[in-house]
């Protein structure tokens, strides 16, 4: 006759939340302190405006540069942060040169066109050098996104922005970049989603619009870029894309179109020289549209 | 992350952090009840992941420097950064010795020596100071 024996009860091990540990709390404190420093730095900023899209190649950086320059030209104190760590171009577009240097309360930003304060990875790495983080060669994908988020946090919190009316953030492509920004600082005061009239852009930017709606972003505007072009010889204006996907995106997402900017080959030509079109040739239709966007933003 | 001595049901206390210089990290914890010590060992990837958060296991001894993470992790950034700790200088010999440290942990190692010197008011880091710091901080191999 077999004797039934009960298995011994598993011993009780306290769970993570049941254990108070000063060492672990010091880690939490450091993370909390990071957030505090970031908030304190941005306390001096009137409005943070993120220029995003989700889609690459739609003109985010050129719009960011022109927007920042136009705001500065009308007397606002403006900062511009190039959040595109891997493909930085904002410093060049704003004519900011040199290296970032140490100031009394952090890193002193470079000065660009119209006095815009600029911080960019371009001002830290040698020209033509790709962004390369030091670390073990294998499995870089695991830790690199952590480092890049940390780098963005440092650019926001460690640069001596001073008192600004507007800080323009030029975000890289990818809806995930919006999510990272929200994780770091919450919703910006305004997000400008840049799109073009192409269906491909609409398809991607719609995802960003949905993310912003779900994340509770209160102020989001669409900027339709490259909507039309004017013949340099006869002046006839035509649509650049056969579809009208930007307006369709506005209808479907419920977002308002804040600006429609015509294609102008002078925009890349001028920004390559570090002089945004709104400053170099403010009467061109594209420059007027960008200036109007800046005025609307300033008055909003 | 917390460590619990199951036998004593006691939280193990942080004792020290060691960075052998090969990208790995050892963090020692001790049970206040039975005295048993346990070391958390991380591989280079895990070490980089932790440092990428901009935090220091065991707590910070000095406030973070501006762009500290970027400066220490970015390849090609100034080897002589303008943002270094206070007025601490590096002697030529010390710089040469620092070059022997693998590049992907060099920034972190440099920061640790910089903090060590800054905390003690040491104006210049020399190989002798590095030896002293290595002994006191348990930085074997750096």
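Chains as they are written, first to last, in this note's numbering: chain A, 1352 to 1651; chain B, 396 to 537.
C-beta: ideal position from N, C-alpha, C; glycine also.
Backbone secondary structure at residue i - three-state DSSP
i, result
"residue 1500(A)", "helix"
"residue 488(B)", "helix"
"residue 503(B)", "helix"
"residue 525(B)", "helix"
"residue 465(B)", "helix"
"residue 1474(A)", "helix"
"residue 1512(A)", "coil"
"residue 517(B)", "coil"
"residue 1376(A)", "helix"
"residue 1423(A)", "helix"
"residue 495(B)", "coil"
"residue 1387(A)", "helix"
"residue 1401(A)", "strand"
"residue 1360(A)", "coil"
"residue 1611(A)", "strand"
"residue 1396(A)", "strand"
"residue 474(B)", "Note that residue 474(B) scores 41 on pLDDT, short of 50, meaning its location in the model is unreliable; the coordinates nonetheless yield the value given after this. Residue 474(B) falls in the coil class under three-state DSSP."
"residue 1601(A)", "helix"
Assigned exposure category for residue i - 16 Cβ within 10 Å defines buried
i, result
"residue 1492(A)", "exposed"
"residue 528(B)", "buried"
"residue 1588(A)", "exposed"
"residue 1367(A)", "exposed"
"residue 510(B)", "buried"
"residue 1359(A)", "exposed"
"residue 396(B)", "exposed"
"residue 526(B)", "exposed"
"residue 1338(A)", "Any answer about residue 1338(A) is impossible in this case: the structure gives chain A only from 1352 up to 1651."
"residue 1651(A)", "exposed"
"residue 1415(A)", "buried"
"residue 1456(A)", "exposed"
"residue 1496(A)", "exposed"
"residue 422(B)", "buried"
"residue 1373(A)", "exposed"
"residue 1365(A)", "exposed"
"residue 1530(A)", "exposed"
Nearest residue (CA-CA) to residue i, options the options
i, options, result
"residue 431(B)", "439(B), 399(B), 417(B) and 445(B)", "399(B)"
"residue 425(B)", "437(B), 493(B) and 407(B)", "407(B)"
"residue 452(B)", "439(B), 420(B) and 429(B)", "420(B)"
"residue 1467(A)", "1454(A), 1433(A) and 1488(A)", "1433(A)"
"residue 1611(A)", "1422(A), 1547(A) and 1540(A)", "1547(A)"
"residue 1549(A)", "1613(A), 1634(A), 1528(A) and 1596(A)", "1596(A)"
"residue 428(B)", "412(B), 404(B) and 442(B)", "404(B)"
"residue 410(B)", "1609(A), 1537(A) and 1375(A)", "1375(A)"
"residue 1624(A)", "1446(A), 1378(A) and 1496(A)", "1446(A)"
"residue 483(B)", "500(B), 470(B), 503(B) and 508(B)", "508(B)"
"residue 500(B)", "467(B), 519(B) and 522(B)", "467(B)"
"residue 1488(A)", "402(B), 423(B), 439(B) and 414(B)", "439(B)"
"residue 1409(A)", "1633(A), 1524(A), 1531(A) and 1532(A)", "1524(A)"
"residue 1622(A)", "1443(A), 1365(A) and 1356(A)", "1443(A)"
"residue 538(B)", "441(B), 414(B) and 522(B)", "This structure cannot settle anything about residue 538(B), because the visible part of chain B is limited to 396 through 537."
"residue 1381(A)", "445(B), 516(B) and 412(B)", "445(B)"
"residue 1470(A)", "1505(A), 1478(A), 1494(A) and 1479(A)", "1505(A)"
"residue 487(B)", "454(B), 522(B) and 464(B)", "522(B)"
"residue 1606(A)", "1536(A), 1562(A), 1529(A) and 1449(A)", "1562(A)"
"residue 1439(A)", "1480(A), 1454(A), 1427(A) and 1405(A)", "1480(A)"
"residue 1494(A)", "416(B), 449(B) and 518(B)", "449(B)"
8 Å contact criterion, which residue i and residue j should meet: CB distance rounded
i, j, result
"residue 531(B)", "residue 457(B)", "Actually they are not in contact, since the Cβ atoms of residue 531(B) and residue 457(B) sit about 15 Å apart, beyond 8 Å."
"residue 1519(A)", "residue 1429(A)", "7 Å"
"residue 1465(A)", "residue 1420(A)", "5 Å"
"residue 1393(A)", "residue 1507(A)", "7 Å"
"residue 1617(A)", "residue 1635(A)", "6 Å"
"residue 1557(A)", "residue 1603(A)", "7 Å"
"residue 1486(A)", "residue 443(B)", "4 Å"
"residue 542(B)", "residue 1509(A)", "There is no way to answer for residue 542(B), as the model of chain B reaches only from 396 to 537."
"residue 1310(A)", "residue 1371(A)", "The structure shown does not extend to residue 1310(A), since chain A is modelled only from 1352 through 1651, so no value can be given for it."
"residue 1559(A)", "residue 1526(A)", "5 Å"
"residue 1441(A)", "residue 1412(A)", "5 Å"
"residue 1542(A)", "residue 1401(A)", "5 Å"
"residue 1535(A)", "residue 1573(A)", "Wrong, their Cβ atoms sit about 24 Å apart, outside the cutoff."
"residue 465(B)", "residue 1475(A)", "7 Å"
Alpha helix (DSSP H) runs wholly inside the stretch 1514 to 1594 of chain A, at least 4 long, in chain order
Counting only runs of 4 or more residues that sit fully inside the stretch 1514 to 1594 of chain A, the alpha helix (DSSP H) segments are 1526 to 1536 and 1550 to 1566, in chain order.
Runs of beta strand (DSSP E) lying entirely within the stretch 1428 to 1481 of chain A, each at least 3 residues, in chain order:
Fully enclosed beta strand (DSSP E) runs of 3 or longer: 1429 to 1433, 1452 to 1454, 1457 to 1459 and 1468 to 1470.
Considering only residues of the stretch 398 to 451 of chain B, which uninterrupted beta strand (DSSP E) runs meet the minimum length of 3 residues and lie entirely inside it, listed in chain order?
As far as the stretch 398 to 451 of chain B is concerned, its whole beta strand (DSSP E) runs of at least 3 residues are 408 to 413, 420 to 425 and 432 to 437.
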